[in-house]
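Quick note: the sequence shown uses my numbering, first residue -3, plus one each step.
Here's the structure we're looking at; comments come further down.
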Amino acid sequence: SVQDGLSAFASSSSSSLASSLSSSAEAAAAEASSSPSASSLASTMGPVLFTSLAGGALLVGSQPQVERANNALVTGVVLSFTALLALGIPQVDPSLLLHADAGAVIPAIPILVLALVFHNVIPTIA
């Protein structure tokens, strides 16, 4: 059916996007680790240390502890988002919402595609 076809297309598009982003992150990590300087070593060790500590806490923590930590982190995401909105609203010029520039669409496509990644935050908040 058409719905099955659309569902398959959406699933494959999402998988393709996730795979592309994962590949680019791995390429960036490989590039950063290929030239072992003091600054690249420090920038590589931060994520490794964070992942080790956070993963270790998840591994040894009980379900209530992990749930409390998750709730605290989700609260942080919601507060950060609220602060971002509160700080950004004064910068909004409503008259710009009435203006359309079709020529600006093409240069904006990479940002529009990248914005699709942030859909991963929605299940965290909901």
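Beta carbons: idealized from backbone N, C-alpha and C, even for Gly.
Does S91 come out as helix, strand or coil in the three-state DSSP assignment? helix
How many angstroms separate the CA atom of E63 from the CA atom of F5? 34 Å
Here's a check: name, in chain order, each residue in its chain whose Cβ is nearer than 6 Å to the Cβ of N67, leaving out the five neighbours to either side. none
Does DSSP put A98 in a helix, in a strand, or in coil? helix
Residue range of the alpha helix (DSSP H) that includes L69: 59 to 84
S3 - DSSP class collapsed to helix/strand/coil: helix
In angstroms, rounded to a whole number, what distance separates the CA positions of L112 and G42? 26 Å
Is S(-3) helix, strand or coil when you go by DSSP? coil
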